[in-house]
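The listed protein sequences derive, respectively, from chains H, F and V. Under our numbering, the first residue of the first sequence is numbered 2, with each subsequent residue one higher. Under our numbering, the first residue of the second sequence is numbered 2, with each subsequent residue one higher. Under our numbering, the first residue of the third sequence is numbered 2, with each subsequent residue one higher.
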Amino acid sequence: MAKRILNEYRFFDPDKNTRDVAYELYQIVRDLPIISPHGHIDARLLLENKPFPDPTELIIIPDHYVYRMLYSQGIPLELLGIPAADGTRVERDHRRIWQIFGDNFHLFVGTPTGAWLRHEFAEIFGISEVLNSKNAMKVYNQIVGKLQTKAFLPRTLFERFGIEVLTTTEAPGDTLEYHKKLKLSSLKGRVIPCFRPDSVVNVLSRGWKAAIDGLSKAAGIEVGSYKNYIKAIENRREYFKSLGAVSTDQGVESPWTHKLSTARSEAIFERALAGKATEEDARGFTANMLMEMARMSVEDGLVMQIHTGSFRNHNRHIFDRFGLDKGADIPVQTEYTRNMSELLNEFGNDRGFTIVVFTLDESTYSRELAPLAGHYPAMKLGAPWWFNDSIQGMKRFRESVMETAGIYNTVGFTDDTRAFLSIPARHDLSRRMDSNFLAGMVARHIISFEEALVLCKALAYDLAKKAYKL
Amino acid sequence: MAKRILNEYRFFDPDKNTRDVAYELYQIVRDLPIISPHGHIDARLLLENKPFPDPTELIIIPDHYVYRMLYSQGIPLELLGIPAADGTRVERDHRRIWQIFGDNFHLFVGTPTGAWLRHEFAEIFGISEVLNSKNAMKVYNQIVGKLQTKAFLPRTLFERFGIEVLTTTEAPGDTLEYHKKLKLSSLKGRVIPCFRPDSVVNVLSRGWKAAIDGLSKAAGIEVGSYKNYIKAIENRREYFKSLGAVSTDQGVESPWTHKLSTARSEAIFERALAGKATEEDARGFTANMLMEMARMSVEDGLVMQIHTGSFRNHNRHIFDRFGLDKGADIPVQTEYTRNMSELLNEFGNDRGFTIVVFTLDESTYSRELAPLAGHYPAMKLGAPWWFNDSIQGMKRFRESVMETAGIYNTVGFTDDTRAFLSIPARHDLSRRMDSNFLAGMVARHIISFEEALVLCKALAYDLAKKAYKL
Amino acid sequence: MAKRILNEYRFFDPDKNTRDVAYELYQIVRDLPIISPHGHIDARLLLENKPFPDPTELIIIPDHYVYRMLYSQGIPLELLGIPAADGTRVERDHRRIWQIFGDNFHLFVGTPTGAWLRHEFAEIFGISEVLNSKNAMKVYNQIVGKLQTKAFLPRTLFERFGIEVLTTTEAPGDTLEYHKKLKLSSLKGRVIPCFRPDSVVNVLSRGWKAAIDGLSKAAGIEVGSYKNYIKAIENRREYFKSLGAVSTDQGVESPWTHKLSTARSEAIFERALAGKATEEDARGFTANMLMEMARMSVEDGLVMQIHTGSFRNHNRHIFDRFGLDKGADIPVQTEYTRNMSELLNEFGNDRGFTIVVFTLDESTYSRELAPLAGHYPAMKLGAPWWFNDSIQGMKRFRESVMETAGIYNTVGFTDDTRAFLSIPARHDLSRRMDSNFLAGMVARHIISFEEALVLCKALAYDLAKKAYKL
């Protein structure tokens, strides 16, 4: 019923041959369970299962995809209620913020955020109107009303969305208490942690020292040396694994991999503890830790993920006032062939090891990533990420990667979202685009319908499940 | 009537769903007035309003888009009548040159130059045949006949083309005398200058010293120091503004931005005056002047434009014999995220400031430019430029940029032409391609027809008018 | 008859307008003779004209396109019978290897290798089934049966494929004995060598010294100095030319071109002979040899080809065990505008000289290569190569290159294959894609059908014949 609001054929090619096949393929995968092998939902949300407070808190404030676009058109983040780290007062009237959102909803026309939001309004809340200045308050009230009902509690939605596995992302010092309790709960579907050591790897980041303390405490190992640091990380990986983790993740600007001697690692670690690490130290240490994390994955079986090529906190003003992850991370050119050479030579031929690479640099799809994944047994390509997690982005990814890497060196869709409601919207869009891509190949007689069917299910479900050993 | 010669549906997708919507959108924007916010037409042409001498002088000799393609196939520029700076004799028989053009017109098949020329022949001159060896002289005569009539005088054409605003490009030392007089003329539509300081910014360019003298004279300030240099530039900006200028423009190989200390700037300036500036001096001085020009724009409100990534005068033989702008400028890889960081951190959050960036490096569309424009309030993306001002180039631009930057962080179409007759041809092609792009989204149910309508007008007219404060 | 197995409209756009035009164009070029101006077939195969031993030996073992995909999915090369250089025992049972191939044939779905293989099975062997686990042995037997017949002897196939010219690739020391004898044979069609000096140019490659000895012997010149080295190369070019060669080829990671002084070249050469050449020596020597090879081409008229941007032998384990060309070469970012500047300035304006550039870096198509080819008379663009020799790769190439370089600055299709049976499959795919690309332009009213017809023949036959002076 709610489904009628949006056109059933949306995102498919208008050509009838392609569209009809796409629709047929899509029918088969649309309701498959969701595997979400990487993302940023807080496990606490599902444990506590409290009603979402209001639409602004649910949709705008946690989602930098949404407010960075408003910001780009001159709307200060203060007016959007984004919490300031420096004590600046920000707008607290969530209706007023929502009204600004309504006034500017046209900015999202043709963007993936726009597509997901329309999906959320229509499919989740059953709202048929497109948000605008006039109906903003009416829509706000409609959503507020629903959020108070049991049908819109986090767990109810989780199950309604058909989530089979949801992976969250945690720091090494995290106690995973919510995960522990969730394991014991009646929630249908698994919620599992993912080990992300960035805060203890980047020796120059502001909170490194505190993160090391957290690591010490969590591991019960005094992390006063590189040797103990490595031990503590191995210890935490084991702990994460005991709570269901199947993967790790690292966000690195450059995918340069390089093993340092233990002596050199110790020296850098010492300098870092003394607050005297240099840029070169940081760079070397990260390259070394990519090697170490790969080695550990070979040993403990956790799938290694790397998210590469984001220049974090490009806008210092925004960073100083609002902190990390505020829509001011900008991609940079990224090189894989030379940078990953050491890691792939050391571990890439190991059939038990899997490294999933995500990029923001599309020029590397056909030039570097597909050829690497099309050769090394360990290497797989992650789904189009962030700015590329979009209709055209998915199309370019498949068109650039499929012919060299095939479909079996990719790992299905990853939503990577902080916006809970966008999970089904993102998976639906992905399933539509994959159905359409395959339909295009059927219509061009490159593959048969039967082959498309197998591939379509693989992309929607099987590949993620297999790659992440779920 | 003349319009019947070319297919009404040209450049639209052949799929009927898309094509019909495209055509409907196009009907609404095709006759909107032309805003040309950046280009290289000489204001004198419109002031003097003399008949164009002949087809060769009008279409071939001023347009390096045309003759570089002929050159690439082995036809010497000397035979095409391109004036040689070194005194070499070149062909003077314009009929003979036109015949070569006719003999080789097939080289332009499938190129934007080919599309524009066909538009010019058909829509402006009412010539229905495609140029070839046999009809070259007949066509030449037909055009010659028309050029003698009042209907083909520059001003008549200007008004026939429906130009509302035409921006030219001038050096700091330019007196703008033609602009001054044009302001008093009866010409419908505005012709306004744009301040382009390249000749006084690049301290290593051959004519730098002479350009500094021109600046001194024009500003009435003895430019013997960096301090006075800055004053003189500010002075000339003010003067340009008084004659209607709304923008500046800078052509830079690299968009590296970096503020130098005044002392260092003075030192470089001194060395430059003494003819002793180094490559590093030139690089630093340009980076510094991008910062200074941005500061001035924040102060005086002129929109800042940068055209980046062209390796000028790649072919020394051509440069030595024929000089600048002879079709031998070749793009290079360009980096924006790091290079523009200093400028954007300093001025990018200023909502009163606008910087429009043009690139020749398409790999930066989705990776750097769209994310930057999708975050910083001041940053906007210019239209696909030069080699990318084409059917496929426009398609790639929209597909790569729209999803991350939306449409409101772009500024509509810019023709950037030296070929007067190509203005309506270029805008028509752009309007067709934008109509088609939006129609594709309608046909895929990504946006509604009503939304497409608003966007289509925005791309054809509103965005340029707003971005350039016209 | 066999042709019915595969859909007649395969690879064409599903839109009826485009498809019908594409099919009409394709009908005209499908049976044109094949010009294969660059590839890696062994002339001995055609001279000896022995039956192919079996399907595994014919299709899997010589083709790294095939086995690198199997390897990427965890199948060791040892199990695929790839001969090990280090004495490791590998699978010898060709039926067992073929069974693995059948078990994993789905990995090739949607890849160009998959498309070529289907063509080979259907069009060459008349096998209508898609290979799979179950029918693998049946198909094996069918092929074995055919390979014993006269119809499947190399020469019979050569003539059946309609090959007019086949260019092979040889090292400077090669005696070309098979070419000499083939010239005297009754084979319809020409088989000509191509001079590839890589083994004597890269002073750091393992076999350099041996290759220099081979050069000495073949040229009858004691190559103990750079001077004699150059003489010997000139001598061998002349010899290759006498046996029909029309071209040279160089594989270089970077296209950096730079003339060294004779003194410096001599010094490097001496160090190389003494086994003391450095990385910088090797880099400079290669840059210098690109200049020298261009000079020689200007003098002797051989077309110069360069294949750029492959990081060879990325996987040391594979290299150590199996040697060169085992599917472990990975592309790297490549720069042409600056790197080729010296060569193009020196020789690029020479209308008698032709340099054909092949790239693995698609981001350079519209940014660097098309603008360079669209300006310099000597420069032409080679067909999409290796990973880009695919349906989408060809589409991207044409879409990125055509508008700036036109079609006459490209040189038609190059199969560059080591897999004899794939020659007709690759040319057929290319002809289909070019037909489809041109049909798309006809359907968009960018070009007329008559223009498309001329271009289609040019792409399938004329351009290669003209560019390589055949």
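Just so you know, even glycine gets a beta-carbon here, dropped at the ideal spot from N, CA and C.
Using the three-state DSSP reduction, which class does Gln74(F) fall into: helix, strand or coil?
coil
Which residues in chain H have a C-beta closer than 7 Å to the C-beta of Leu373(F)? List them in chain order.
Ile331
I'd like to know whether the C-beta of Glu451(H) is nearer than 9 Å to at least one C-beta of chain F.
no
Start and end residues, beta strand (DSSP E) containing Phe359(V):
Ile356 to Phe359
Whole-Å CB distance - Ala211(F) paired with Arg237(F), under 8 Å assumed
The pair is not a contact, with the Cβ atoms about 16 Å apart (cut-off 8 Å).
Count the other CB atoms, across all protein chains shown, that sit within 10 Å of the CB of Thr19(H); report buried if there are 16 or more and exposed otherwise.
buried
What is the residue span of the beta strand (DSSP E) that Thr309(H) lies within?
Val304 to Thr309
Suppose you measure from the CA of Ala3(H) to the CA of Tyr409(F); what does that come to, to the nearest Å?
A caution first: Ala3(H) carries a pLDDT of 39, below 50, which makes its placement in the model too unreliable to give a value.
Flag this pair as yes or no: are the beta carbons of Asn289(H) and Ser266(H) separated by less than 9 Å?
yes
Within the continuous alpha helix (DSSP H) that includes Met341(F), where are the two ends?
Run containing Met341(F): none; DSSP gives neither H nor E here.
Cβ of Ala406(H) within 9 Å of any chain V Cβ
yes
Would you please state the rounded distance, in angstroms, between the beta carbons of Gly103(V) and Phe109(V)? I believe it to be under 8 Å.
11 Å between Cβ atoms; not a contact.
Residues bridged to Glu171(F) (per DSSP):
Phe196(F)
So which residues of chain V does Phe323(F) contact, with C-beta pairs closer than 8 Å?
Result: empty, since nearest Cβ-Cβ is about 12 Å, beyond 8 Å.
Can you tell me where the alpha helix (DSSP H) holding Ile35(H) begins and where it ends?
First-last for Ile35(H): Ile35 to Ser37, but that is the beta strand (DSSP E), not the alpha helix (DSSP H).
Bridge partners for Val166(V) per DSSP, in chain order?
Ile36(V) and Arg191(V)
With a threshold of 9 Å between beta carbons, is Gly441(V) in contact with chain F?
yes
Using only alpha-carbon positions, find the residue among Arg191(F), Asp417(F) and Gly40(F) that is nearest to Leu244(F).
Arg191(F)
Tell me whether the beta-carbon of Val166(H) lies closer than 9 Å to the beta-carbon of Ser248(H).
no
Could you give the distance in angstroms between the alpha-carbon of Met70(V) and the alpha-carbon of Asn340(V)?
33 Å
Could you have a look at Pro52(V) and say whether DSSP puts it in helix, strand or coil?
coil
May I ask you to verify whether the region 62-77 of chain V touches the region 277-289 of chain V, counting CB pairs closer than 8 Å and requiring at least 3?
no
Can you tell me whether Leu325(F) is helix, strand or coil according to DSSP?
coil
Give a yes or no on whether the C-beta atoms belonging to His308(V) and Val253(V) are separated by under 9 Å.
yes
Nearest-angstrom Cα separation, counted from Ser311(V) out to His376(F):
36 Å
Of the residues that make up the region 300-311 of chain V, which ones have a beta carbon closer than 8 Å to any beta carbon in chain F?
none
Exposure label - Ser129(H); buried when at least 16 CB within 10 Å:
exposed
Measuring only between beta-carbons, confirm whether Asn389(V) sits less than 9 Å from chain F.
no
Note down, in chain order, every chain V residue with its Cβ under 9 Å from the Cβ of Ile364(H).
The displayed chain sequence assigns Ser, not Ile, to residue 364(H). The contacting residues are Gln334, Asp362, Glu363 and Ser364.
Looking at chain F, is there any beta carbon in it that lies within less than 9 Å of the beta carbon of Gln251(H)?
no
Three-state secondary structure (DSSP) at Leu471(V)?
coil
Excluding sequence positions up to five away, which residues of its chain have a Cβ less than 6 Å from the Cβ of Glu121(F)?
Leu422 and Ala426
Determine the contact status of Asn389(F) and Arg399(F), defining contact as a CB-CB distance below 9 Å.
no
If we define contact as Cβ-Cβ less than 9 Å, is Glu223(V) a contact residue for chain F?
no
Can you list, in chain order, the stretches of the beta strand (DSSP E) that have 3 or more residues and sit fully within the region 358-443 of chain F?
380-382
For a contact defined as C-beta to C-beta under 8 Å, what are the partners of Asn1(V) on chain H?
Here chain V has residues from 2 to 471 only, and residue 1(V) is not among them.
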